[in-house]
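Novice: Pasting a structure here, questions to come.
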Amino acid sequence: MSAVWRASRAAVRRRRLQTTVIGVVVLVSSMALVVALGLLDVVSGPFDRLFGRAHGAHVVATFDAAKVSGEEVGRSAERPGVRASAGPFPQAVIEMPESASAEIPGMAPGPLTVVGRADPGGPVDRLELFAGHWATGPGQIVLASRDAPGMGSGPHSPIGKRIGLPGQQRPLTVVGLASSVSGTAQAWVSPRQITALHPTTYQMLYRFDRAATARQIREDIAAVSAGLSSGSLVAHQSYLTLKAQVAANPNVFVPFLMAFGVLGLLVAVLIVGNVVSGAVVSGFRHIGVLKSLGFTPRQVVAVYLVMVCVPATAGALVGTALGGVVARPLLHQVFQGANLGTANVGPAIGFWAYATTALGMPLTVLLAALIPALRAHRLSAARAISAGSAPHGGRGPAVQRWLTGVRLPRSVTLGLGLPLARPGRALLTVASVLLGVATVTFATGLSATMISFGDAVQGVGKAQSTVWRGQTRFDQTAPHHDDDATQMLLRGLPHVADVTAVGFTEVRILGRSEGVAIEGIRGGRSTLPDDLARGRWMRGPGEVVASGRFLAKQALRLGDSFTLTVADGRQERVTLVGEILAGPEDWMRADWSTVTALTPDAQANQYWVRLAPGADYSAYVKAVQAADPGLYPTKNTMVNADAVTIIGAASALTLMLTLVAAMGVFNTVVLSARERRRDLGMLKSIGMTPRQVTVMLVVSMAGLGLVGGILGLPLGVAAYQVVIPITEHAAQLTFPARMLDVWHPGTMALPVLAGVAIAALGAVIPARAAARQSIARVLHTE
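When we follow the working numbering, the leftmost residue of the sequence shown carries the number 6, and every step to the right adds one.
Below, the structure written as structure tokens:
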């Protein structure tokens, strides 16, 4: 074994180029694989860990107190399939006054769902009380909040703040902050305190024996509601919806990163196989020498496998470490804003992702090297030495004789026939270029879709400015004009083409515990982002549009109708007529008449302004401030972070895999030049110039690059067609047809040319090096 190790170590030192190629290829592929596996690991990890630790509710059910009693609701926990339950808890909806937002930072006026609960523990939905204490006495309330620095103490902490409620003699004092992984309420009070808030529903929390799929959840809900009065179950929320909301943003990245990881792995396997095959072929004489010295066929195979495993292991270890470093900021970016309810659970890559990459990549390289290494096993010493002295010409001469009749420069015809001398190596080179072109094609289509998506979401070319109404509570000047007059004032200013008034109101979907926001618009529609994915825009009262995340969370489809309600009892039946590309899961857009039907005195607080072509923005700002000092114009410079992250990551990974494919071509040209030293010397001796030698070697690879480009184009398109629907489903959005129309003749020609560029890039340096060798030196080495 020591002889094998010494021979392998000597081979590693002697074949520095091949060692470097293997190490770098495995390093880059390992980085891509760690990022892909790491993201796949953490997509559902934080929610699952927190949900299991808190015994989260598989279903949060809301029952109408007017149709069913608390005792009847409690007996539903005895139904078959119920593993654990909590409740019934009385539930009320109170109206938070305007003063609440001034007292408590982040508290918006509007409806607030409050549950009467004796303690934060229990068999289901154990709340994390991370600040203060539980509400046990009268006049005490615990708010639902995310655990973040400064929330429990400090000048911005809501602990100790008082909330005065309309119709209540005694204000409520905030005594604690808690988070619920199941999103069961926005606040909690003691059971005795909830009576004074006039609860109208009961909340029941269930954990079931079988709750892994939406179908099982539906069966469980039917079981617990069986026997109760018709219509008593007014709403229910599945934990699967919450889990999908948490994973929606990271899931945008999983499909395309996994595609890059698989492509990187395939490129690594092909290039390593090509390198080892070349090492075996170019080392026939070395194999013969080893066998003549007494090495057995198995020892010879072991020498080549160890020679490959040393750089592969080093590359895998370094690539795994670098992949972990690269993955951390990417994971924090994609999880930014994920509603985990706590700051203690973050995106951390599991050990299995690192172990799989660090151990799996060298093993994959070993398997890729095994087949060409077995050729060394079959060769006898005499045949190996003979083959090393005079390698077979293959089909190259026959093809070159046929190409002599083609009216092309002789250096070009010789180059086109050169790869066929080693057809196996040529096929491996074509395959590596093919995958490089497939990566470029896939990334090109993905980037085009994401650029179109980002432009639509940002409203590029629509509203260039947002004008805010000043508020005295923020030490701003109050506007001199009312809402309607402000819109007319802005529309009459120079440089302004159109103005849309925008206002928000907090409402609640009847039967749901969490509130939602309606964005009402009044006036011109030309300022709205062009982000309609399906359906149509609202045309009048009672029609709304929302994002795919809203539809997923509320379990709605286009055409569904539901009732919106506010705290004073006003209700409005609305119909979902359109789905837009982006937006929070608790937000929808409607016509202004729908907002005023719920809140008659609603006022717009901002105005979207589209400027005339060629307008001077500075002059526009001065005109607004001169017209009313209480108006504050800002410039819209939004950037879609998801689109930027996807395009940036795709570009970086494409560049890495393209360079890896070019390194495979580089290695092929080096091996070809070494094997044909005598041929190159003879060609130069009969008058071929160094430039012609360079052209011949570059053309030999460019031809393979063209073939790889033609074959890689449909593979990249197919990868795009597979990944985009997966991304849509995972991210809870729908791309309209115009964003998927990315393949045009000009666009499709670029990846094919990229195949030629990859091959030429990898071939030019070793070709120039081979062309610079003198005739005497080449023939002397032979």
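The beta-carbon is built from N, C-alpha and C at its ideal position, and this holds for glycine as well.
Closest to residue 249 by C-alpha separation, out of 419, 573, 732, would be which residue?
Specialist: Looking up residue 249 in the sequence shown gives position 244. The candidate whose alpha carbon is nearest that of residue 249 is 732.
Novice: Quick check: the segment 75-83 against the segment 207-221, are there 3 or more CB pairs under 8 angstroms?
Specialist: yes
Novice: So does the segment 136-152 actually touch the segment 55-72, counting three or more Cβ pairs closer than 8 angstroms?
Specialist: In this structure the segment 136-152 does not touch the segment 55-72; the number of beta carbon pairs closer than 8 angstroms is below three.
Novice: Output needed for residue 349: all residues of its chain with C-beta closer than 6 angstroms, excluding positions within five of it in sequence on either side, in chain order.
Specialist: Along the sequence shown, one-based indexing puts residue 349 at 344. Model confidence at residue 349 stands at a pLDDT of 43, short of 50, so the residue's coordinates are unreliable; what they give is reported in the following sentence. Closer than 6 angstroms at Cβ, skipping near neighbours: no residue.
Novice: If distances are taken between C-alpha atoms only, which option among 190, 131, 364 comes closest to residue 150?
Specialist: Residue mapping note: residue 150 aligns to position 145 of the sequence shown, counting from 1. Cα-wise, what sits closest to residue 150 is 190.
Novice: Determine the DSSP secondary structure at residue 718, reduced to helix, strand or coil.
Specialist: As a working mapping, residue 718 is identified with position 713 in the sequence shown. DSSP places residue 718 in helix when its eight states are reduced to three.
Novice: Quick one, which of 181, 203, 121, 229 has its alpha-carbon nearest residue 77's?
Specialist: For the purposes of this step, residue 77 is taken as residue 72 along the sequence shown, with counting starting at 1. Per the Cα distances, 229.
Novice: Identify which residue in 246, 244, 226 has its Cα closest to the Cα of residue 238.
Specialist: Here residue 238 is taken as the residue at index 233 of the sequence shown, counted from 1. It is 226.
Novice: Taking the alpha-carbon positions, what's the residue 446 to residue 520 distance?
Specialist: The residue given as residue 446 occupies position 441 in the sequence shown. The residue given as residue 520 occupies position 515 in the sequence shown. Rounded to whole angstroms, residue 446 to residue 520 spans 44 angstroms at the Cα level.
Novice: When burial is assigned at 16 or more other CB atoms within 10 Å of the CB, is residue 490 buried or exposed?
Specialist: To locate residue 490, count along the sequence shown from 1; it is residue 485. Exposed, since its Cβ has fewer than 16 Cβ neighbours within 10 Å.
Novice: For residue 539, collect the residues of the same chain with a Cβ closer than 8 angstroms to its Cβ; drop the 5 residues on either side in sequence, then sort them by chain order.
Specialist: Position 534 of the sequence shown holds residue 539. So the list reads 563, 583, 584, 739, 741, once near-sequence residues are dropped.
Novice: Rounded C-beta distance between residue 525 and residue 442? I'm assuming under 8 angstroms.
Specialist: Residue mapping note: residue 525 aligns to position 520 of the sequence shown, counting from 1. Residue mapping note: residue 442 aligns to position 437 of the sequence shown, counting from 1. Residue 525 to residue 442, Cβ: 50 angstroms. No contact.
Novice: From which residue to which residue does the beta strand (DSSP E) around residue 597 run?
Specialist: Here residue 597 is taken as the residue at index 592 of the sequence shown, counted from 1. Careful: residue 597 lies outside any beta strand (DSSP E), inside the alpha helix (DSSP H) at 597-603.
Novice: Taking the alpha carbon of residue 746 as the point to measure from, which residue in 762, 765, 760, 726 has its own alpha carbon closest?
Specialist: Start at 1 with the first residue of the sequence shown, and residue 746 comes out as number 741. When each option's Cα is compared against that of residue 746, the closest is 726.
Novice: Which residues in the same chain have their Cβ closer than 8 angstroms to the Cβ of residue 236, if we skip the five residues on either side of it in sequence?
Specialist: Residue numbering aside, residue 236 sits at position 231 when the sequence shown is read from its first letter. So the qualifying residues of the chain are 69, 72.
Novice: The beta strand (DSSP E) with residue 166 in it runs from where to where?
Specialist: Residue mapping note: residue 166 aligns to position 161 of the sequence shown, counting from 1. Taken as a continuous stretch (DSSP letters only), residue 166 belongs to no beta strand (DSSP E), as it is neither H nor E.
Novice: Are there three or more Cβ pairs, one per stretch, closer than 8 angstroms when the segment 543-554 is compared with the segment 613-632?
Specialist: no
Novice: If we count the other Cβ atoms within 10 Å of its Cβ and call it buried at 16 or more, is residue 373 buried or exposed?
Specialist: Walking along the sequence shown from the start, residue 373 turns up at place 368. The residue is buried, with at least 16 neighbouring Cβ atoms inside 10 Å.
Novice: Locate the alpha helix (DSSP H) running through residue 133, then write down its first and last residues.
Specialist: Along the sequence shown, one-based indexing puts residue 133 at 128. Per DSSP, residue 133 lies in no alpha helix (DSSP H) segment; the continuous beta strand (DSSP E) that holds it begins and ends at 133-137.
Novice: Using 10 angstroms around the beta-carbon of residue 493, count the other beta-carbons present and answer buried if the total reaches 16, otherwise exposed.
Specialist: Here residue 493 is taken as the residue at index 488 of the sequence shown, counted from 1. Flag for residue 493 reads exposed.
Novice: Ends of the alpha helix (DSSP H) at residue 558?
Specialist: If you number the sequence shown from 1, residue 558 lands on position 553. From DSSP, the alpha helix (DSSP H) with residue 558 extends over 553-559.
Novice: By a C-beta neighbour count over all protein chains shown, 10 Å radius and 16 as the cutoff for buried, is residue 218 buried or exposed?
Specialist: Numbered from 1 along the sequence shown, position 213 holds the residue referred to as residue 218. Looking at its Cβ environment, which holds fewer than 16 other Cβ atoms inside 10 Å, residue 218 is exposed.
Novice: Got a sec, what are the start and stop residues for the beta strand (DSSP E) residue 638 sits in?
Specialist: For the purposes of this step, residue 638 is taken as residue 633 along the sequence shown, with counting starting at 1. Here the beta strand (DSSP E) through residue 638 covers 636-640.
Novice: Going by DSSP, which residues form a beta bridge with residue 146?
Specialist: Walking along the sequence shown from the start, residue 146 turns up at place 141. Residue 146 pairs with 179.
Novice: Residues in its own chain within less than 6 angstroms of residue 636 by CB, not counting five upstream and five downstream?
Specialist: Your numbering for residue 636 matches position 631 in the sequence shown. Taken in chain order, the residues that qualify are 472, 484, 629.
Novice: Pull up the distance between the alpha-carbon of residue 168 and that of residue 590, whole angstroms please.
Specialist: In the sequence shown, counting from the first residue as 1, residue 168 sits at position 163. In the sequence shown, counting from the first residue as 1, residue 590 sits at position 585. C-alpha separation (whole angstroms): 27 angstroms.
Novice: Could you name the residues of the same chain whose beta carbon sits closer than 6 angstroms to that of residue 424, not counting the 5 residues immediately before and after it, in chain order?
Specialist: Here residue 424 refers to the residue found at position 419 when the sequence shown is read from its first residue. Excluding residues within five positions, the ones whose Cβ falls inside 6 angstroms are 431, 705, 709.
Novice: Terminal residues of the continuous beta strand (DSSP E) containing residue 69?
Specialist: Working through the sequence shown from its first residue, we reach residue 69 at position 64. Its beta strand (DSSP E) spans residues 64-69.
Novice: According to DSSP, which residues form a beta bridge with residue 98?
Specialist: Here residue 98 refers to the residue found at position 93 of the sequence shown. Looking at the DSSP assignment, residue 98 forms a beta bridge with 118.
Novice: Do you know how far the Cα of residue 508 is from the Cα of residue 605?
Specialist: For the purposes of this step, residue 605 is taken as the residue at position 600 of the sequence shown. For the purposes of this step, residue 508 is taken as the residue at position 503 of the sequence shown. Looking at the two C-alpha atoms, the distance is approximately 12 angstroms.
Novice: For residue 754, which three-state DSSP category applies?
Specialist: Position 749 of the sequence shown, counting from 1, holds the residue named residue 754. Residue state, collapsed to three classes: helix.
Novice: According to DSSP, is residue 470 part of a helix, a strand, or is it coil?
Specialist: Position 465 of the sequence shown, counting from 1, holds the residue named residue 470. Residue 470: strand per DSSP, three-state reduction.
Novice: I'd like the span of the beta strand (DSSP E) that includes residue 581, first residue to last.
Specialist: By 1-based counting over the sequence shown, the position of residue 581 is 576. From DSSP, the beta strand (DSSP E) with residue 581 extends over 576-585.
Novice: On the DSSP bridge list, what partners appear for residue 523?
Specialist: In the sequence shown, the residue the question calls residue 523 occupies position 518. For residue 523, which the question treats as bridged, DSSP gives the partners 510, 593.
Novice: Does the distance from the C-beta atom of residue 552 to that of residue 587 stay below 8 angstroms?
Specialist: Counted from its first residue, the sequence shown places residue 552 at position 547. Counted from its first residue, the sequence shown places residue 587 at position 582. Result yes, Cβ atoms of residue 552 and residue 587 sit closer than 8 angstroms.
Novice: Taking all protein chains shown into account, decide if residue 536 is buried (16 or more other Cβ within 10 angstroms of its Cβ) or exposed.
Specialist: Locating residue 536 in the sequence shown gives position 531, where the first residue counts as 1. Result: buried.
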